[in-house]
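Participant:
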Amino acid sequence: MKAQNKSGESGSARLTPEGPDKTRVEITLKGGPKGTPQPAHIHEGSCAKLDPKPKQGLENVVDGKSSTVVPLGLDSLTGGKMAINVHKSKEDISTYVSCGDIRGGGAAKKGGEKKGGMEKKS
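Numbering (the working numbering), first residue to last: 1 to 122.
Next up, the structure:
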């Protein structure tokens, strides 16, 4: 996850399978505001060319952390071009503060995960 728009907010996102059709997405950022909920989403595309319509909402990032189980399998998230992005606030939803392209491919083994720049682990 890289800072955008001079936000200073950067970190990682970990994707862990929770079954064939569920994935836990955990975001950890540094440099963000204390106590301000920041909306986060999975979008199709890349950080350089993001589809503005979210594919999947995520729990708000609060104090640099978010954890969400989404109804999408790990392979569906890593098999195409997708990115995770975080917005400045609900009130300033059009300002992106951090984004990370979801990279990878191939089948994940049980207990696999993707992180940050986003790798799988068995």
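Here a beta-carbon is modelled for each residue, glycine too, at the ideal position from N, C-alpha and C. In this text, all values refer to a predicted model and were calculated from it rather than measured experimentally.
#1: Report yes if the CB atom of V25 is closer than 7 Å to the CB atom of L74, and no otherwise.
#2: Specify, as a first and last residue, the run of the alpha helix (DSSP H) that S76 falls within.
#3: With the cut-off set at 7 Å, would you say G35 and E9 are in Cβ contact?
#4: Roughly how many whole angstroms lie between the Cα atoms of K114 and S12?
#5: I need the straight-line Cα distance from I84 to Q38, nearest angstrom please.
#6: Roughly how many angstroms separate the alpha carbons of S66 and H41, rounded to a whole number?
#7: How would you label A108, buried or exposed, when you count the other beta carbons within 10 angstroms and need 16 or more for buried?
#8: On the DSSP bridge assignment, give the partners of D101 in chain order.
#9: Less than 7 Å separating the beta-carbons of I102 and L72?
#10: State buried or exposed for T95, treating a residue as buried only when at least 16 other CB atoms are found within 10 Å of its CB.
#11: Locate the beta strand (DSSP E) running through R59, then write down its first and last residues.
Facilitator: Quick look at the numbers:
#1: Taking the sequence shown and counting its residues from 1, one reaches residue 25 at position 25. Taking the sequence shown and counting its residues from 1, one reaches residue 74 at position 74. No, they are not a contact pair.
#2: Counting from one through the sequence shown, the residue named residue 76 turns up at place 76. That run of the alpha helix (DSSP H) goes 74 to 78.
#3: Taking the first residue of the sequence shown as 1, we reach residue 35 at position 35. Taking the first residue of the sequence shown as 1, we reach residue 9 at position 9. The Cβ-Cβ distance between G35 and E9 does not fall below 7 Å.
#4: Translated into the one-based positions of the sequence shown, residue 114 becomes position 114. Translated into the one-based positions of the sequence shown, residue 12 becomes position 12. For K114, the predicted model reports a pLDDT of 43, less than 50, meaning its position is unreliable; a value from the coordinates is still stated below. So the two alpha carbons sit approximately 10 Å from each other.
#5: Within the sequence shown, numbered from 1, the residue matching residue 84 stands at position 84. Within the sequence shown, numbered from 1, the residue matching residue 38 stands at position 38. Cα to Cα, I84 sits roughly 13 Å from Q38.
#6: As a first step, residue 66 must be located in the sequence shown, where it is residue number 66. As a first step, residue 41 must be located in the sequence shown, where it is residue number 41. Looking at the two C-alpha atoms, the distance is approximately 11 Å.
#7: Position 108 of the sequence shown, counted from the start, is the residue given in the question as residue 108. Caution is warranted here: a pLDDT of 36 is assigned to A108, below 50, making its placement in the model unreliable, and the coordinate value is therefore given only provisionally. Per the 10 Å Cβ criterion, buried.
#8: Looking up residue 101 in the sequence shown gives position 101. According to DSSP, D101 bridges with A83.
#9: Position 102 of the sequence shown, counted from the first residue, corresponds to residue 102. Position 72 of the sequence shown, counted from the first residue, corresponds to residue 72. In this structure, the beta-carbon distance from I102 to L72 does not fall below 7 Å.
#10: For this step, residue 95 is matched to residue 95 along the sequence shown. Within a 10 Å sphere around the beta-carbon of T95 sit fewer than 16 other beta-carbons, which makes this residue exposed.
#11: Position 59 of the sequence shown, counted from the start, is the residue given in the question as residue 59. The sequence given here has Glu at residue 59, not Arg. Boundaries of the beta strand (DSSP E) around E59: 50 to 61.
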